[in-house]
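Visitor: Right, I'll just put the structure down here and ask away after.
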Amino acid sequence: MIEDLKPYPEYKDSGVKWLGPVPKHWARSRIKHYLRETEERSRDGTGLLLSLTRSRGLIPQREASKKLASASDLSKYKVCHSGQLVMNRMQAWSGMFAVAKETGLVSPDYSVFRNISDGDVFYLDRLFKTPMLVDQFSQRSKGIGTGFNRLYSPDFGAIEVVVPPPTEQDAIVRFLDYADRQIHRYIRAKKKLIALLNEQKQAIIHRAVTRGLDPNVKLKPSGLEWIGDMPVNWTVLKLSQLTSRIGDGLHGTPKYVDASPFHFINGNNLVDGSISIRPTTRCVGEAEYLNHRVDLDETTLLMSINGTIGNVACYNYEKVILGKSAAYIKCNKRILRSFLFYYLQSPTVTEHYKLEVTGTTIFNLSLDSIRGTKVALPSVTEQLEIANFLDGETLRFKKAVSRISLEIECLSEYRARLIADVVTGKLDVREAAAKLPDFAVEPALLDEADDLLQDDSTAEEGEPEAEDEAA
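Here the sequence shown stands for residues 270 to 740, numbered as in this note's numbering.
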């Protein structure tokens, strides 16, 4: 059905330079002729607090953040009602709009609009997320620095748009809801496949590092409940016996500089077995690096021990200072780094660490817990065989997951292009919408699939998200 869509029979010049040609029967007007801002405020701070998210729209704040606000904090919050459009003024440039599904309270720095036209507010919500409109919102936002720019209501209302008649808006919304439903079903199936592949990979890792590669090997009790039996020629030793040093990084904040080849990293920089240096990763000067660096080498593994527990990466002489949430493990001659890398990723080990952590909201794994980790240890020769085998297996899984992820990414781009083309009149969906069967959109399904389509963000109270020091 989507493949059969065609342009409208006739077009005209929109009269708006950035819009280009539009269907002949569509009308041009300013946003203020469709929406009017409301200023209803909470008197006593009671009501459901809502947060505006990029993928799930307006959701209860308790689902978006662990930070709770008291009634006194909410006394000046704005009230929105079902069917009203909410805009995050500081994030309008990124398409942060949503239609309220229920009455609730939103940040004073949000703008709330009611529909004053005969049109479909869900059509406008779709329209305001298209690249052309988002670009206009970015150009008209005002403030100091991009992180604090706001799109004020008069500037928002003055923007010209070209929209179809109300009945056609309804048809467009109906068609796009249907298309979203089909796309999201496909994404959910692909997401499940990725999860199954990761489970299979973890099972292969676990069996290899606890049983070896010989399916007929004789076994004996390991003495560890979370490992079970192990080959008869293996031994159990503490990680402290297999390492020359285990420690963590700087307990403090280094002196940052704007740009340098030296970086300050934490546990969140340990991704997929390596150190991830992002554009937002903070830099330090050479003197600061030399002052705080730890003597690491090719025997070193890094592990996240604060917040996200157990991410492991191989150190390869990157010029980095470690933060306190990154531990380092220097292997001695009795254990290969490549074997320990996989051993620490075994599901039994990661589950064991979950029992060892402290903290309620932010978990911490102590260095003593790492030092006391029991390792089922084969000979160095067998360690090498196991590590080489798992290198090949994980590469195979990585290629498969990358291929599926690329399919999801391409579908996401197709979805965005389809929405933009339909709501701006490049494709005519009137006939297709009329032929659609009755259906109900499944919110839970859409929420799950959106997690794959884009990273979610909430910008509480209109403020930009805080950066981790080593993000």
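Where a beta carbon is used, it is the ideal one built from N, C-alpha and C, also for glycine. Computed from a predicted structure; not experimentally measured.
In angstroms, rounded to a whole number, what distance separates the CA positions of Glu587 and His621?
Guide: To locate residue 587, count along the sequence shown from 1; it is residue 318. To locate residue 621, count along the sequence shown from 1; it is residue 352. Straight-line Cα distance between these residues: approximately 30 Å.
Visitor: Look at the alpha carbon of Leu722 and the alpha carbon of Tyr447, and state the distance between them as a whole number of angstroms.
Guide: Here residue 722 corresponds to residue number 453 of the sequence shown, with the count starting at 1. Here residue 447 corresponds to residue number 178 of the sequence shown, with the count starting at 1. Note that Leu722 scores 42 on pLDDT, short of 50, meaning its location in the model is unreliable and no value can be drawn from it.
Visitor: Bridge partners for Cys583 per DSSP, in chain order?
Guide: Counting from one through the sequence shown, the residue named residue 583 turns up at place 314. Its beta-bridge partners are Leu570.
Visitor: For Lys524, list the residues DSSP reports as bridge partners.
Guide: Residue mapping note: residue 524 aligns to position 255 of the sequence shown, counting from 1. Answer by DSSP bridge pairing: none, since Lys524 is not bridged.
Visitor: Using the C-alpha atoms, what's the distance from Thr568 back to Val505?
Guide: Taking the sequence shown and counting its residues from 1, the one referred to as residue 505 is at position 236. Taking the sequence shown and counting its residues from 1, the one referred to as residue 568 is at position 299. Their Cα atoms are separated by approximately 20 Å.
Visitor: Are Ser344 and Gly314 close, meaning C-beta to C-beta below 8 Å?
Guide: Position 75 of the sequence shown holds residue 344. Position 45 of the sequence shown holds residue 314. Cβ atoms of Ser344 and Gly314: closer than 8 Å.
Visitor: Once the 5 residues before and after Thr627 are set aside, which same chain residues still bring their CB inside 6 Å of it?
Guide: As a first step, residue 627 must be located in the sequence shown, where it is residue number 358. Closer than 6 Å at Cβ, skipping near neighbours: Asn633.
Visitor: Counting only the same chain and skipping the five closest in sequence on each side, list residues whose C-beta sits under 7 Å from that of Asp498.
Guide: Translated into the one-based positions of the sequence shown, residue 498 becomes position 229. Leu488, Lys489, Pro490, Ser491, listed in sequence order.
Visitor: Quick one: what does DSSP say Asp483 is sitting in, helix, strand or coil?
Guide: Along the sequence shown, read from residue 1 onward, the residue named residue 483 stands at position 214. Of the three classes helix, strand and coil, the one that applies to Asp483 here is coil, per DSSP.
Visitor: Starting from the C-beta of Glu371, find all residues in its chain whose C-beta is less than 6 Å away, skip the five residues before and the five after it, and write them out in chain order.
Guide: In the sequence shown, counting from the first residue as 1, residue 371 sits at position 102. The beta carbon of Glu371 sits closer than 6 Å to those of Ser351, all from its chain and outside the five residues before and after it, given in chain order.
Visitor: Whose CA, out of Asp378, Glu308, Ala369, lies closest to the CA of Ala361?
Guide: For the purposes of this step, residue 361 is taken as the residue at position 92 of the sequence shown. Minimum Cα distance to Ala361 is reached at Asp378.
Visitor: Can you list, in chain order, the stretches of the beta strand (DSSP E) that have 3 or more residues and sit fully within the region 322-407?
Guide: Runs of the beta strand (DSSP E) inside the region 322-407: 326-329, 347-349, 354-357, 366-368, 373-375, 379-384.
Visitor: Which partner residues does Leu319 have in the DSSP bridge list?
Guide: The residue you call residue 319 lines up with position 50 of the sequence shown. According to DSSP, Leu319 bridges with Pro329.
Visitor: Which whole-angstrom value is the C-beta distance of Leu636 and Ala596, which I expect to be below 8 Å?
Guide: Walking along the sequence shown from the start, residue 636 turns up at place 367. Walking along the sequence shown from the start, residue 596 turns up at place 327. Rounded, the Cβ-Cβ distance is 6 Å, consistent with contact.
Visitor: Is Ser681 helix, strand or coil by DSSP?
Guide: As a first step, residue 681 must be located in the sequence shown, where it is residue number 412. Three-state DSSP puts Ser681 in a helix.
Visitor: Of all the options Thr630, Gly388, Lys293, Val291, which has the alpha carbon lying nearest to the alpha carbon of Leu304?
Guide: Here residue 304 refers to the residue found at position 35 when the sequence shown is read from its first residue. For the residues Thr630, Gly388, Lys293, Val291, the minimum Cα distance to Leu304 belongs to Gly388.
Visitor: Is the distance from the Cβ of Tyr612 to the Cβ of Val644 below 8 Å?
Guide: Position 343 of the sequence shown, counting from 1, holds the residue named residue 612. Position 375 of the sequence shown, counting from 1, holds the residue named residue 644. Taking 8 Å as the Cβ cut-off, Tyr612 and Val644 qualify as a contacting pair.
Visitor: Going straight from the alpha carbon of Leu354 to that of Arg395, what length do you get?
Guide: Your numbering for residue 354 matches position 85 in the sequence shown. Your numbering for residue 395 matches position 126 in the sequence shown. Between Leu354 and Arg395, the C-alpha separation is close to 11 Å.
Visitor: Kindly indicate which three-state DSSP category Leu675 falls into: helix, strand or coil?
Guide: Taking the sequence shown and counting its residues from 1, one reaches residue 675 at position 406. Three-state result, Leu675: helix.
Visitor: Which value, in whole angstroms, describes the spacing of the CA atoms of Lys293 and Pro706?
Guide: As a first step, residue 293 is located in the sequence shown; it is residue number 24 there, counting from the start. As a first step, residue 706 is located in the sequence shown; it is residue number 437 there, counting from the start. Their Cα atoms are separated by approximately 29 Å.
Visitor: Using only CA atoms, which one of Leu680, Arg606, Gln438, Glu468 lies nearest to Ala702?
Guide: One-based indexing of the sequence shown puts residue 702 at position 433. Cα-wise, what sits closest to Ala702 is Gln438.
Visitor: Considering only their Cβ atoms, is the gap separating Arg409 from Leu420 smaller than 8 Å?
Guide: Start at 1 with the first residue of the sequence shown, and residue 420 comes out as number 151. Start at 1 with the first residue of the sequence shown, and residue 409 comes out as number 140. With respect to Arg409, Leu420 sits close: the two C-beta atoms are nearer than 8 Å.
Visitor: So, Ile574 versus Pro523, is the Cβ gap smaller than 8 Å?
Guide: By 1-based counting over the sequence shown, the position of residue 574 is 305. By 1-based counting over the sequence shown, the position of residue 523 is 254. No, they are not a contact pair.
Visitor: Which residues bound the alpha helix (DSSP H) around Val618?
Guide: Here residue 618 refers to the residue found at position 349 when the sequence shown is read from its first residue. First-last of the alpha helix (DSSP H) with Val618: 616-625.
Visitor: Where Trp503 and Glu625 are concerned, what is the direct C-alpha to C-alpha distance, given to the nearest angstrom?
Guide: Residue 503 sits at position 234 when you count from the first residue of the sequence shown. Residue 625 sits at position 356 when you count from the first residue of the sequence shown. Their Cα atoms are separated by approximately 25 Å.
Visitor: With distances taken Cα to Cα, identify the nearest neighbour of Pro276 among Ser615, Arg606, Val291.
Guide: As a position in the sequence shown, residue 276 is number 7, starting the count at 1. Cα-wise, what sits closest to Pro276 is Val291.
Visitor: For Gly289, which residues in the same chain have their Cβ closer than 7 Å to its Cβ, ignoring the five residues on either side in sequence?
Guide: Residue numbering aside, residue 289 sits at position 20 when the sequence shown is read from its first letter. Hits under 7 Å: Ser283.
Visitor: Following the continuous beta strand (DSSP E) through Asp498, name the residue where it begins and the one where it ends.
Guide: Here residue 498 is taken as the residue at index 229 of the sequence shown, counted from 1. From DSSP, the beta strand (DSSP E) with Asp498 extends over 498-500.
Visitor: Using the three-state DSSP reduction, which class does Thr549 fall into: helix, strand or coil?
Guide: Translated into the one-based positions of the sequence shown, residue 549 becomes position 280. DSSP, read as helix, strand or coil, puts Thr549 in coil.
Visitor: Identify, in the order they occur along the chain, each residue of the same chain with its Cβ nearer than 6 Å to the Cβ of Leu493, setting aside the five sequence neighbours on each side.
Guide: The sequence position of residue 493 within the sequence shown is 224, counting from 1. Excluding sequence neighbours, Leu493 sits near Lys643.
Visitor: Where does Arg551 land, buried or exposed, given buried means 16+ other C-beta within 10 angstroms?
Guide: Position 282 of the sequence shown, counting from 1, holds the residue named residue 551. Buried, by the Cβ-count rule.
Visitor: Arg514 by DSSP, collapsed to three states: which one?
Guide: Translated into the one-based positions of the sequence shown, residue 514 becomes position 245. Note: Arg514 maps to strand in three-state DSSP.
Visitor: Among the candidates Val368, Leu374, Gly373, whose CA atom is the shortest distance from the CA of Arg383?
Guide: As a first step, residue 383 must be located in the sequence shown, where it is residue number 114. Among Val368, Leu374, Gly373, the Cα nearest to that of Arg383 is on Val368.
Visitor: Are the Cβ atoms of Val563 and Gln614 separated by less than 8 Å?
Guide: Along the sequence shown, read from residue 1 onward, the residue named residue 563 stands at position 294. Along the sequence shown, read from residue 1 onward, the residue named residue 614 stands at position 345. Result no, Cβ atoms of Val563 and Gln614 do not sit closer than 8 Å.
Visitor: Since Glu306 contacts Ser380 with CB under 8 Å, what's their CB separation in whole angstroms?
Guide: To locate residue 306, count along the sequence shown from 1; it is residue 37. To locate residue 380, count along the sequence shown from 1; it is residue 111. Contact holds; Cβ gap of about 6 Å.
Visitor: In chain order, what residues of the same chain lie with their CB nearer than 6 Å to the CB of Ser509, ignoring the 5 residues before and after it?
Guide: By 1-based counting over the sequence shown, the position of residue 509 is 240. Correct list, in chain order: Arg640.
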